[in-house]
Amino acid sequence: MLDLTGKNALVTGIANNRSIAWGIAQQLHKAGANLGITYLSDEKGKIEKKVAELVRPLNPTLFLPCDVQNDEEVKSTFETIREKWGSLDILIHCLAFANKDDLSGDFSQTSREGFRTALDVSTYSLVQLAGAAKPLMNAGGSIVTLSYLGAVRAVPNYNVMGVAKAGLEASVRYLAAELGSANIRVNAISAGPIRTLASSAVGGILDMIHHVEQVAPLRRTVTQIEVGNAAAFLCSDLASGITGQVLYVDAGYEIMGM
Ligand code: 0WE
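Residue numbers (UniProt numbering): 1 to 258.
What follows is the structure in structure tokens.
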């Protein structure tokens with residue numbers, strides 16, 4: 001059965017109670033995992049306070065700031081994991097950012113700086129965290145990241161994020177090929193659109209969700225908890241033969257042609 005007891009799981013990307021990472025953290029906890037939570041600290045510590053309050057019921061044994069654009073913070077995150085936990089079994093990567101201007105209008109007008117930012121935060125961060133986690137990860141370990149259909153189709157306005165997610169999915173395959181000999185699996189979940197802090201900042205997200213509700217085989221969108229259940233499966237021994245894959249958790253939307 002799905003059992004993650006005794007496994008140490010680091011979850012990145014919780015911003016609030018709508019975060020997909022929050023759905024994943026809840027389902028990993030439900031399956032018995034020991035949780036470590038990272039957050040993006042702001043100057044006033046407001047995010048830290050909100051996220052700390054949110055995750056308290058999950059009894060995390062680590063709660064650390066980790067800005068992937070800050071190499072020192074990433075280094076100290078994994079030093080703390082080594083000190084406090086000794087080893088790691090599960091790494092959940094739920095991080096993405098592009099400048100808002102680069103998520104509408106003409107893709108061909110994306111600036112070098114905007115392109116660099118999107119791929120740095122959304123794509124390189126997986127490689128960076130996997131590289132830092134590798135020496136700490138136990139055999140049977142699992143890395144899961146979040147992707148989106150815009151990686152493989154031209155979704156209106158997703159623009160530079162589509163390129164970032166394409167790079168992310170390719171990175172999943174290269175990491176899976178490398179880490180497989182250590183029996184560490186690497187997979188992505190391609191989630192359908194969900195209302196979150198990130199997506200709510202996007203113009204037209206409600207129309208996209210409405211479209212999915214009309215077209216997807218299940219005639220609805222997916223929930224953070226459903227993505228969390230798929231992540232828990234991929235992290236469990238039930239998925240011991242699955243690596244390098246992109247698993248669609250999208251109410252079936254991806255299979256449709258019209
Ligand atoms: O990957 C995402 C969200 C990515 C995202 C969203 C924002 C909004 C606010 C990255 N960076 C930012 N930066 C901001 O300043 N999704 C899959 C959700 C999403 O985002 C879209 C979508 C969908 C769906 C953007 C355009 C079109 C569709």
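All C-beta atoms in this analysis are idealised placements derived from N, C-alpha and C, irrespective of residue type, glycine included.
Exposure of residue i, with buried meaning 16 or more beta-carbon neighbours within 10 Å
| i | result |
| --- | --- |
| Leu197 | exposed |
| Thr61 | exposed |
| Lys165 | buried |
| Ser181 | exposed |
| residue 310 | Since the first and last residues shown for the chain are 1 and 258, residue 310 lies out of range. |
| Asn34 | buried |
| Asp3 | exposed |
| Lys46 | exposed |
| Gln224 | buried |
| His210 | exposed |
| Pro193 | buried |
| Ser122 | buried |
| Asn59 | exposed |
Endpoints, the alpha helix (DSSP H) within which residue i is located
| i | result |
| --- | --- |
| Tyr174 | 159-179 |
| Thr145 | Thr145 -> not in any alpha helix (DSSP H); beta strand (DSSP E) instead, spanning 137-147. |
| Ala15 | From DSSP, Ala15 is part of no alpha helix (DSSP H); its letter is neither H nor E. |
| Thr190 | A quick correction: the sequence has Ser, not Thr, at residue 190. Ser190 -> not in any alpha helix (DSSP H); beta strand (DSSP E) instead, spanning 185-191. |
| Leu54 | 46-55 |
| Leu2 | Note, Leu2: premise wrong, no alpha helix (DSSP H); not H, not E. |
| Ala198 | 197-200 |
Identified DSSP bridge partners for residue i
| i | result |
| --- | --- |
| Gly36 | Leu10, Leu62 |
| Leu88 | Met137 |
| Arg219 | Answer by DSSP bridge pairing: none, since Arg219 is not bridged. |
| His93 | Thr145 |
Residue i - containing beta strand (DSSP E), residue span
| i | result |
| --- | --- |
| Ser236 | First-last for Ser236: undefined, no H or E at that position. |
| Leu247 | 246-249 |
**Message:** My parser needs the beta strand (DSSP E) runs of 3 or more residues fully inside the segment 97-122; what are they?
**Reply:** Listed in chain order, there is nothing to give.
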